[in-house]
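Enquirer: Sequential numbering from 63 applies to the sequence shown in this note's numbering. Glycine is no exception: its CB is placed at the ideal position from the N, C-alpha and C atoms. It should be emphasised that the depicted structure is a prediction, and the values quoted were computed from it without experimental measurement.
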Amino acid sequence: MSITCLKAGTLATIQDIGRIGYQNIGVIVSGAMDSFALKIANRLLGNHQHEACIEVTMRGTAFHFSEDTYIAITGGDLTPTIQGMDVPQWRPVLVRANQTLRFKGAKKGLRSYLAVQHGFLIEEKLGSKSTYLRANMGGLNGRALQEQDEIQLMNTNWDTPVLPIKNEYFSTVSWHVRPDFYKKARKRHRIRFVEGNEYQWFTTATQQNFERVHFDVAMSSDRMGYRLKGFKLQKDVQQEMVSEAVTNGTIQVANDGQPIILLADRQTTGGYPRIGQVISADLHRFGQMKPGDQIRFERVTLDEAYEALYDLEQQLNHIEVSIQLKK
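#1: Cutting at 6 Å between CB atoms, please list the residues of its own chain near Gln151, excluding the five before and the five after it.
#2: Which same chain residues, not among the five before or five after Ser64, have their C-beta less than 7 Å away from its C-beta?
#3: If I measure Cβ to Cβ from Gln145 and keep anything under 6 Å in the same chain, skipping five residues before and after, which residues do I get?
#4: On a Cα-Cα basis, can you pick out the residue from Gly311, Met147, Leu107, Thr75 that is closest to Ile184?
#5: Report buried or exposed for Arg252, applying the criterion of at least 16 other Cβ atoms within 10 angstroms of its Cβ.
#6: Looking at the strands, I want to know which residues DSSP matches up with Gly338.
#7: Between the beta-carbon of Ser384 and the beta-carbon of Val239, is there less than 9 Å?
#8: How would you call Glu117, buried or exposed, if buried means at least 16 neighbouring beta carbons within 10 angstroms?
#9: Can you name, in chain order, every residue of its own chain whose Cβ lies under 7 Å from the Cβ of Gln339, other than the five neighbours on each side?
#10: List in chain order: all unbroken beta strand (DSSP E) runs of 3+ residues lying wholly within the stretch 104 to 172.
#11: Restricting to runs no shorter than 4 residues, where is the alpha helix (DSSP H) found entirely within the stretch 221 to 304?
#12: How many angstroms separate the CA atom of Gly332 from the CA atom of Val308?
#13: For the alpha helix (DSSP H) containing Ser92, name the first residue and the last one.
#14: Going by DSSP, which residues form a beta bridge with Ile213?
#15: Between the C-alpha atoms of Leu198 and Arg361, what's the straight-line distance to the nearest angstrom?
#16: Tell me, please, which residues DSSP counts as bridged to Pro321.
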C-alpha cells in the first residue's frame, strides 16, 4: 500500500521525534516541530506515539490514496478537504480508495501532522525516519516531498474500527480529542523559560524587559530556529563566547541584541550567550507559530518547569484513555 504526493505545497516532510542520543557527536536531532500533535495523531490510530508522520506546513499539499486508508490529522488547521468536503481532525478517519486529500491553507496554526495506521515504510537513519534537509538525511531520499512521490505504508494487517459517520469519500466518528491549545487561532503566545547559563551577563533592565515586552516572530524563522524582533537585549559582560552546547528551546542572543530560539533542526553547539531555555512543556507551541505572531516570556523555576512537563504528559495520558474508552 502507498499514498502519492500530488502537490508538494509550501513544505511537507517525514518526521518523527528525531534522532535521540547523538548530539554529543554533532548529529542534528530534527523531528516534528510539534511533537505533542504528532504523538496524539499516532495514538488516535493505535500506533506507537513516536511513529513517523508527514509534517505539512502552511498550504498546498495534496495526497492521493489508491486504497482505503485509516488516517488521523492533528496540529494546526490547514483546511484539509476531500472532494471539497472538510475532513474532520483530531479523530480517526477512513479515506476511501481513489480519493485525494488536500490541505488548502492555514486557518489556525502553521503545521499539521498526517498519520496513517501502522506508519510509513521508511528506512531509519540512526534510529529515526526524520528528514534533515540540510544534510539530505532521513525521510524520503533526504528531501522534502515532491510531486509524484510514492510513500509506502507498513505492510501490516489492518484493524477495522467502526467509523459510523459515512459518505462516499470518507468515514469518521463524532468524537474528537483536540486539546484546548489548538481550539482557537492565537497571535500572542506566553512562553515559559528558565534562566540560561549566561543570564547574568545581561543588564538588570534587559532581564526585566525580557519578560515585560512582546517580541515578534520574524519572517526569517524556520525549522532551525525562530528569530525574534523587538526590544534590544544588552549585556553587562562584554566578552566573546567559545561555542557551548545548545538544545531544543535554547534562547540565544545574537550580536544585534535580538533573541533566537533554537528548534528542531538546530545545531548542537552555538557561540551566542544563552539568556534562557524554553521549558519542554512549551516547545510544541512553536510548531504552530507564524511570522508576525507575538511572544511574551515568563521566567519560571526548574521545579515549575518539571511540574509543567508532568502536566503535559498527564494530558497526553488522559487523551490515550479517552481514545480507548471511545473505541
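Expert: For this structure:
#1: The count along the sequence shown starts at 1 and reaches residue 151 at position 89. Closer than 6 Å at the Cβ level, and outside the excluded window around Gln151, lie Ile135.
#2: Residue mapping note: residue 64 aligns to position 2 of the sequence shown, counting from 1. Cβ within range, chain order: Ser128, Glu212, Ile213, Gln214, Leu215.
#3: Here residue 145 refers to the residue found at position 83 of the sequence shown. Only Tyr231 meet the Cβ criterion.
#4: Locating residue 184 in the sequence shown gives position 122, counting from the first residue. With distances taken between Cα atoms, Ile184 lies closest to Thr75.
#5: If you number the sequence shown from 1, residue 252 lands on position 190. When all chains shown are included, Arg252 counts as exposed.
#6: Taking the sequence shown and counting its residues from 1, the one referred to as residue 338 is at position 276. Gly338 pairs with Glu257, Ile313.
#7: Translated into positions along the sequence shown, residue 384 becomes position 322. Translated into positions along the sequence shown, residue 239 becomes position 177. A contact, by the Cβ cut-off of 9 Å.
#8: In the sequence shown, residue 117 corresponds to position 55, counting from 1. So Glu117 counts as buried.
#9: Residue numbering aside, residue 339 sits at position 277 when the sequence shown is read from its first letter. Excluding sequence neighbours, Gln339 sits near Phe255, Val256, Gly258, Gly311, Thr312, Ile313.
#10: 115 to 119, 123 to 127, 131 to 139, 142 to 144, 154 to 157, 161 to 165
#11: 266 to 274
#12: As a position in the sequence shown, residue 332 is number 270, starting the count at 1. As a position in the sequence shown, residue 308 is number 246, starting the count at 1. Near 6 Å, if we compare the C-alpha coordinates of Val308 and Gly332.
#13: As a working note, residue 92 is residue 30 in the sequence shown. Taken as a continuous stretch (DSSP letters only), Ser92 belongs to no alpha helix (DSSP H), as it is neither H nor E.
#14: As a position in the sequence shown, residue 213 is number 151, starting the count at 1. Note: Ile213 sits in a beta bridge opposite Ile65.
#15: Locating residue 198 in the sequence shown gives position 136, where the first residue counts as 1. Locating residue 361 in the sequence shown gives position 299, where the first residue counts as 1. Strictly speaking, residue 198 in this sequence is Asn, with Leu absent from that position. Each residue's Cα considered, the two are about 37 Å apart.
#16: Counted from its first residue, the sequence shown places residue 321 at position 259. The partner list for Pro321 (beta bridge, DSSP) reads Val315.
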